[in-house]
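Chains X and W supply the protein sequences, listed in that same order.
Mapping of the first sequence onto the numbering used here: position 127 corresponds to residue 1465, and the numbering continues sequentially without gaps.
Mapping of the second sequence onto the numbering used here: position 13 corresponds to residue 1347, and the numbering continues sequentially without gaps.
Here the structure comes first, spelled out in structure tokens, and everything after it is commentary.
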Amino acid sequence: TVGAVALDRAGNLAAATSTGGMTNKRVGRVGDSPIPGAGCYANNANVAVSCTGTGEVFMRTLAAYDIAALMEYAGLSLQQATERVVMEKIPVLGGSGGLIAVDNEGNLAMPFNSEGMYRAFARVGDAPTVGIYRE
Amino acid sequence: MEKAVIAIHGGAGAITRASMSAEREQAYIAALSEIITQGQALLAAGGSALDAVTEAVRLLEECPLFNAGVGSVFTHQGTHELDACIMDGRSLDAGAVAGVSRIRNPILAARAVLESSPHVLLIGEGAETFAFENALDAVNPALFSTPERWAQLQQVRDGEALLLDHDAPPLDERHKMG
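Structure representation (structure tokens):
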């Protein structure tokens, strides 16, 4: 699975996710990637999110939207909301994976509960940062 | 402070510790660096977040290292089924496609659904027909296949009896999520 989130100069957020699914999956199985609110979500009011992981768990938890909801209704910060979902809620249901998220202030979060996640970010005017493993 | 920012991911999973290849690791880092730099440039030029994520994901789909577009994994039956979604935070407009196999860049099909359809999610043949009606070209599903992905399918089918070759990627692609 691949994905991207962005905040532009006008203050607009967007998210995108694309996948080939799971190796050896049953034909017709669909995961979270194409489901708005599960594997992909963006709302200028708070956050843009793209997920990668155990699709069924991300669907059952509406992981991407859950982050927006935790920020909007519970007042959590981006870091708090993404940590809650990726490190607490997803593993309880046996899920593994991670996500990338940016809020409407330009804060970034890229948590994952697996050993690694291919990831990168770049602020306009700064050098890009790339990572694979847990720092 | 400049707030404009873009982030990308290429999947998460377990690390192939025993057979990690420095060359393969560098290939992943180079690909991620190139794609994030292009997304950054688009934002720096005043491009929209929607255009930036579309282009970043399109580039990730074109890179055979990642499980989307070219380089997608195989189903049990040895076929490809691709899914994609895009969402615009300004309006909560969203577009998505699922179970397609003849669209080169599923993210562009999802973008077309967002912009040109009253619906949010189209699947299978209907999604492909919609994409072709919206100026996306049909491709042979074999375009998405790579020898590495075929080998991964055989490993899983054979109960992982086969060993990884010496040039394994940093993350264990047999078990990588998403």
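Heads up, the beta-carbon is just placed ideally off N, CA and C, and yes, glycines get one too.
- Beta-bridge pairing by DSSP links W:C1419 to X:T1355, W:A1430.
- The Cβ atoms of X:A1352 and W:L1384 lie closer than 8 Å to each other.
- Note: X:C1389 is bridge-paired with X:L1437 in the DSSP secondary-structure output.
- Annotated as proximal: X:S1388 and X:T1355, with beta-carbon spacing under 8 Å.
- Chain X has no Cβ within less than 8 Å of the Cβ of W:N1468.
- Boundaries of the beta strand (DSSP E) around X:F1459: 1454-1461.
- Going by DSSP, W:A1379 is part of no beta strand (DSSP E) at all; its letter is neither H nor E.
- With respect to the 8 Å criterion, W:G1373 and W:I1340 are classified as neighbours on the basis of their beta carbons.
- Per DSSP, reduced to three states, the secondary structure at W:K1337 is coil, with no helix or strand assignment.
- Note on geometry: alpha-carbon atoms of X:P1466 and W:D1492 lie some 40 Å from one another.
- The stretch 1440-1456 of chain X makes contact with the stretch 1413-1431 of chain X: 3 or more CB pairs, one atom from each, lie closer than 8 Å.
- Boundaries of the beta strand (DSSP E) around X:T1467: 1467-1471.
- Within 7 Å of the CB of W:E1396, no CB atom of chain X is found; the nearest one sits about 10 Å away.
- Contact between the stretch 1431-1439 of chain W and the stretch 1458-1471 of chain W is present: three or more C-beta pairs spanning the two stretches fall below 8 Å.
- Close to W:R1424, with beta-carbon spacing below 7 Å, are these residues of chain X in chain order: N1350, N1382.
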